[in-house]
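Visitor: I'd like to ask you about the structure that follows.
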Amino acid sequence: MRSDLIKKGLDKSPHRALLRAVGLKDQDFSKPFIGVVNSFSEIVPGHKHLNKVSEIVKEAIIEAGGVPFEFNTIAVCDGIAMGHNGMRYSLVSREIIADSIEIMVNAHNFDGLVFIPNCDKIIPGMLIASVRLNIPSIFVSGGPMRAGKWKGKNIDLITVFEGIGKHKSGEIDEKELLEIERNACPGVGSCAGLFTANSMNSLMEALGIALPGNGTILAEDDRRLALYKSAGKRIVNLAKGNICPRDIITEKSIDNAFAVDMAMGGSTNTVLHLMAIANEAEIYYDLNRINQISEKVPNICKVSPSSNYHMEDVDRAGGISAIIKEISKIEGLINKECITVTGKTIYESVRDAEIKDVEIIRPIENAYSKKGGLRILFGNLAPEGAVIKYAGVDKSMLKFEGPAVIFNSQEEALDKIMSGVVKPGDVVVIRYEGPKGGPGMQEMLSPTSLIMGLGLGDKVALITDGRFSGGTRGACIGHISPEAAVGGPIGLLEDGDIIHIDVEKGLLEVKLSEEELNERRKRWEPLPPKVKTGVLKRYASMVTSASKGAVFKK
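Counting in the numbering used here, the sequence shown runs from -4 upward without gaps.
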């Protein structure tokens, strides 16, 4: 066992003395040491209850013959960080989380790990750490929040964000906005729709690194208690069998994850995070491969913000297992032999699943579309790629052309959109918000929600080298690479340039000749850095392109 390095032999007497100080007995030194990697936080709704989760997990580890040691990492709430300088720190936290876990695990030589995430950057940060460390691991998340209720309808956090625009346009008054605010988030859990957190929690089932039910069983559902116990017991078996993350997270299992992502039309952030996880696992994964998968996968499930359904509905309809089983009917779409933390293959794990509500999870012959819910775009504006949530785009906007209205920051864009500068037919361009330029690659949920709330969702497109919340819907194209801060074509645009978008053909272009672009490139000068000290400065100096997952240079 790895932990023998700190507990076996006379020369480890000082180490054992310290371990006895935290409660270990003689018999414990022959058992596997299991790290319980928590992310409990009192300010993050999805993490507020994780201290209780870890207690259940630790009890199960002890019952299975292991010795648990809990430690914590940081957790940023993207919703609270949204729309101000705090959002610059969200993606940065992913790398800090991975690094902090590496430090703790290698300093203390654990034999196995139970990861307890729930929200946006914590999940990929932990996944990156797991494949980097490559010791037996299992993930068990805190679960989704219930949908809120207002005027007999289900609502969620995105209802509040879009409510700001509706209030601005006069569609609702201040009292109604306050009622929405008070009812949108009724308890603990990751936000109720298929936003980034629930997208990643669901995809962990497809990757095979979490147990069935991880993505959809609600945080306040008693069935979740059994999931926590199962994860605690299962890690001891995984540790004894030395089944490691890189045995589970492979090129084929990442294909499976993207297939499920396409079937549901998940957050565009999944592309960024899965690319980063592949990079850490030393798997070369090309963006074109995502489009190849999308061409074959029907979109059979739409969840908020792409519909009025929420994670509780998906759970009731059969969960992620039912989705995996349904799309596996298409020959070669799911790599059925991939192993999982259950000890079974992915297909064996979902064999007994069934669709219980065909309105929520549609059979493949009645899919919303024959193609998947995400699409990678290329063109002279995005030579290295850009991403759009196809499932969240109005059909009238799949092909769109209009003049660019350019902003060099999210804050500038918000101010001008609120003041009425953006008109129907425009293409909003928000640049210098990429990994380096932001720095931190802010999510653009505030401007996209404002556009929807103002009634411009089917009249205005938005493109950016930043990224989007999983709650974004509409003709919104993000992750444009190369970004403006490194001289990417988006940095060469001028107000009034005609932007051409064709989602079906995978095109994002500006109607300028190569000669004109080259002339502008000669004149281009980078903007002064937005930050000159602290972690954001260090991040900007080390981070790579969004097309590579916005990981650090190696």
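Quick reminder that beta carbons are idealized off the backbone N, C-alpha and C, glycines included.
Source: prediction; values computed, not measured.
Considering Cα atoms alone, identify which of E215, G261, G137 is closest to L198.
Guide: What you label residue 198 is simply residue 203 of the sequence shown in a count that begins at 1. Looking at the Cα atoms, G261 is the closest of the given residues.
Visitor: Would you call the region 211 to 230 and the region 104 to 113 touching, i.e. three or more CB-CB distances under 8 Å?
Guide: Output reads yes: the region 104 to 113 touches the region 211 to 230.
Visitor: At what residues does the alpha helix (DSSP H) containing V155 begin and finish?
Guide: As a working mapping, residue 155 is identified with position 160 in the sequence shown. Looking at the DSSP string, the run of the alpha helix (DSSP H) that includes V155 is 152 to 164.
Visitor: Could you tell me the distance, in whole angstroms, from the CA atom of L503 to the CA atom of D308?
Guide: Within the sequence shown, residue 503 is the residue found at index 508, counting from 1. Within the sequence shown, residue 308 is the residue found at index 313, counting from 1. Each residue's Cα considered, the two are about 35 Å apart.
Visitor: Can you find the residues in the same chain that come closer than 6 Å, C-beta to C-beta, to E157, ignoring five residues on each side of it along the sequence?
Guide: The residue given as residue 157 occupies position 162 in the sequence shown. So the qualifying residues of the chain are S444, M447, G448.
Visitor: Suppose you measure from the CA of R346 to the CA of I319; what does that come to, to the nearest Å?
Guide: Within the sequence shown, residue 346 is the residue found at index 351, counting from 1. Within the sequence shown, residue 319 is the residue found at index 324, counting from 1. Spanning the two alpha carbons is a distance of roughly 9 Å.
Visitor: Does DSSP put I272 in a helix, a strand or coil?
Guide: One-based indexing of the sequence shown puts residue 272 at position 277. If DSSP states are grouped into helix, strand and coil, I272 belongs with the helices.
Visitor: Using C-beta distances below 6 Å, list every residue in its chain close to H268, excluding the 5 sequence neighbours before and after it, in chain order.
Guide: Position 273 of the sequence shown, counted from the start, is the residue given in the question as residue 268. Within the same chain, H268 has close Cβ partners P119.
Visitor: Any idea what DSSP makes of N196, helix, strand or coil?
Guide: Position 201 of the sequence shown, counting from 1, holds the residue named residue 196. In the structure shown, N196 sits in a helix (DSSP, three-state: H, G or I).
Visitor: At which residues does the beta strand (DSSP E) containing S476 begin and terminate?
Guide: The sequence position of residue 476 within the sequence shown is 481, counting from 1. Element bounds for S476: 471 to 476.
Visitor: What is the DSSP secondary structure of L220, reduced to helix, strand or coil?
Guide: Position 225 of the sequence shown, counting from 1, holds the residue named residue 220. Helix at L220.
Visitor: Can you tell which of F66, V39, D453, I123 has its C-alpha closest to the C-alpha of M140?
Guide: Translated into positions along the sequence shown, residue 140 becomes position 145. Out of F66, V39, D453, I123, V39 has the C-alpha closest to the C-alpha of M140.
Visitor: Which value, in whole angstroms, describes the spacing of the CA atoms of E171 and K163?
Guide: One-based indexing of the sequence shown puts residue 171 at position 176. One-based indexing of the sequence shown puts residue 163 at position 168. Going by the C-alpha atoms only, they are around 12 Å apart.
Visitor: Can you list the alpha helix (DSSP H) stretches of 4 or more residues lying completely in the region 21 to 93, in chain order?
Guide: Listed in chain order, the complete alpha helix (DSSP H) runs (minimum 4 residues) inside the region 21 to 93 are 45 to 58, 73 to 76.
Visitor: Whole angstroms is fine: what's the gap from V17's alpha carbon to I29's?
Guide: Counting from one through the sequence shown, the residue named residue 17 turns up at place 22. Counting from one through the sequence shown, the residue named residue 29 turns up at place 34. Their Cα atoms are separated by approximately 15 Å.
Visitor: DSSP state of P293, grouped into three classes?
Guide: Working through the sequence shown from its first residue, we reach residue 293 at position 298. Here P293 sits in coil by DSSP.
Visitor: Per the DSSP calculation, G143 is bridged to which residue(s)?
Guide: The residue given as residue 143 occupies position 148 in the sequence shown. Answer is I150, bridged to G143.
Visitor: Provide the residue span of the beta strand (DSSP E) that contains E504, from first to last.
Guide: Counted from its first residue, the sequence shown places residue 504 at position 509. First-last of the beta strand (DSSP E) with E504: 502 to 505.
Visitor: Go ahead and pull the three-state DSSP assignment for D497.
Guide: Walking along the sequence shown from the start, residue 497 turns up at place 502. Of the three classes helix, strand and coil, the one that applies to D497 here is strand, per DSSP.
Visitor: When we look at the beta-carbon of R218 and count the other beta-carbons within 10 Å, is it buried (16 or more) or exposed?
Guide: On the sequence shown, position 223 is the one that residue 218 refers to. Under this definition R218 is an exposed residue.
Visitor: What residues match up with L372 in a beta bridge as DSSP calls it?
Guide: Within the sequence shown, residue 372 is the residue found at index 377, counting from 1. For L372, which the question treats as bridged, DSSP gives the partners A381.
Visitor: Check this for me: beta carbons of A479 and G432, under 7 Å apart or not?
Guide: Numbered from 1 along the sequence shown, position 484 holds the residue referred to as residue 479. Numbered from 1 along the sequence shown, position 437 holds the residue referred to as residue 432. Taking 7 Å as the Cβ cut-off, A479 and G432 qualify as a contacting pair.
Visitor: Going by DSSP in three states, T263 sits in which element: helix, strand or coil?
Guide: Here residue 263 corresponds to residue number 268 of the sequence shown, with the count starting at 1. Three-state DSSP puts T263 in coil, outside helix and strand.
Visitor: DSSP on A234, reduced to helix/strand/coil?
Guide: Taking the first residue of the sequence shown as 1, we reach residue 234 at position 239. The answer is helix: DSSP assigns A234 an H, G or I state.
Visitor: What residues are listed by DSSP as bridge partners for P523?
Guide: Counting from 1 along the sequence shown, the entry for residue 523 is found at position 528. Paired residue(s): none; P523 is not in a bridge.
Visitor: So what does F402 bridge to, in DSSP terms?
Guide: In the sequence shown, residue 402 corresponds to position 407, counting from 1. F402 pairs with I425.
Visitor: Just to confirm my understanding: we take L451, look at its own chain, exclude 5 residues before and 5 after, and list those with CB closer than 8 Å. What are they?
Guide: Taking the first residue of the sequence shown as 1, we reach residue 451 at position 456. For L451, where only same-chain residues beyond five positions count, the Cβ hits under 8 Å are V417, P419.
Visitor: Please report the residue range of the beta strand (DSSP E) in which T459 lies.
Guide: For the purposes of this step, residue 459 is identified with residue 464 of the sequence shown, where counting begins at 1. 456 to 459 is the span of the beta strand (DSSP E), which, as asked, contains T459.
Visitor: Can you tell which of G208, V298, I458 has its C-alpha closest to the C-alpha of E354?
Guide: As a first step, residue 354 must be located in the sequence shown, where it is residue number 359. Taking only the C-alpha atoms, the option nearest E354 is V298.
Visitor: Roughly how many angstroms lie between the CA atoms of I1 and N104, to the nearest whole one?
Guide: On the sequence shown, position 6 is the one that residue 1 refers to. On the sequence shown, position 109 is the one that residue 104 refers to. When rounded, the distance between both Cα atoms is 7 Å.
Visitor: Let me make sure I understand the geometry here. Which of V292, N80, K339, I334 has the alpha-carbon closest to that of I322?
Guide: The residue given as residue 322 occupies position 327 in the sequence shown. For I322, the nearest C-alpha among the options comes from V292.
Visitor: For D497, collect the residues of the same chain with a Cβ closer than 7 Å to its Cβ; drop the 5 residues on either side in sequence, then sort them by chain order.
Guide: Locating residue 497 in the sequence shown gives position 502, counting from the first residue. Cβ neighbours of D497 beyond the five flanking positions: K394.
Visitor: Measure the CB-CB distance between H474 and A541 and report whether it falls below 7 Å.
Guide: Here residue 474 refers to the residue found at position 479 of the sequence shown. Here residue 541 refers to the residue found at position 546 of the sequence shown. Yes. Within cutoff.
Visitor: By Cβ distance below 8 Å, which residues in the same chain neighbour I493 in space, the five residues on each side in sequence not counted?
Guide: As a first step, residue 493 is located in the sequence shown; it is residue number 498 there, counting from the start. Excluding sequence neighbours, I493 sits near E396, G397, P398, A399, V505, K506.
Visitor: Which of the three DSSP states, helix, strand or coil, is assigned to V17?
Guide: Position 22 of the sequence shown, counted from the start, is the residue given in the question as residue 17. Three-state DSSP puts V17 in coil, outside helix and strand.
Visitor: Can G461 and E511 be called in contact, C-beta distance under 7 Å?
Guide: Taking the sequence shown and counting its residues from 1, one reaches residue 461 at position 466. Taking the sequence shown and counting its residues from 1, one reaches residue 511 at position 516. No.
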